[in-house]
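Per the numbering used here, the sequence shown runs over residues -4 to 93.
Inspection log for the structure reproduced underneath, given as structure tokens.
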Amino acid sequence: MSGAPEYEITGVIREVLPVVRYGRGKTKQQLILLTDTPSPQILPIEVREGAIEQLREIPLHAKVRIRFALEGQMWHPPQGAPRPIVRLVAISIYRLPD
């Protein structure tokens, strides 16, 4: 992932959104994760090519471990000032025992 540091988090998949095509034939999908941290968080995680295949094998509401990287860029909206956007991009997704 472009040399970006990698992180890991566990939780339960709450929702999986449809696959979206972008760029030159690339695909991505978003999942919503409820973390199993002391203060649970709802996190949107972007899933791309290889990890989409892993996600297809995992049922909704399954407990998972996700290895991810942060990806940031400046977004220049049609109106208003540029602002930073940060994404959590899945590198791998593993189902954990319930």
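Glycine included, C-beta positions come from ideal geometry on N, C-alpha and C.
For Q68, which beta-bridge partners are listed by DSSP? Start at 1 with the first residue of the sequence shown, and residue 68 comes out as number 73. The partner list for Q68 (beta bridge, DSSP) reads I80.
Tell me where the beta strand (DSSP E) around G18 begins and ends. Against the sequence shown, residue 18 aligns to sequence position 23. No beta strand (DSSP E) holds G18; DSSP gives it neither H nor E.
Among I27, T5, A(-1), which residue has its Cα nearest to the Cα of K58? Residue mapping note: residue 58 aligns to position 63 of the sequence shown, counting from 1. Closest option to K58, Cα to Cα, is T5.
Compare the beta carbon distance of V7 and L38 with 7 Å and say whether it is the shorter of the two. Position 12 of the sequence shown holds residue 7. Position 43 of the sequence shown holds residue 38. No; because the gap between Cβ atoms is not below 7 Å, this pair is not in contact.
Buried or exposed by the 16-neighbour rule on C-beta atoms within 10 Å, applied to K23: Within the sequence shown, residue 23 is the residue found at index 28, counting from 1. By the 10 Å Cβ count, K23 comes out buried.
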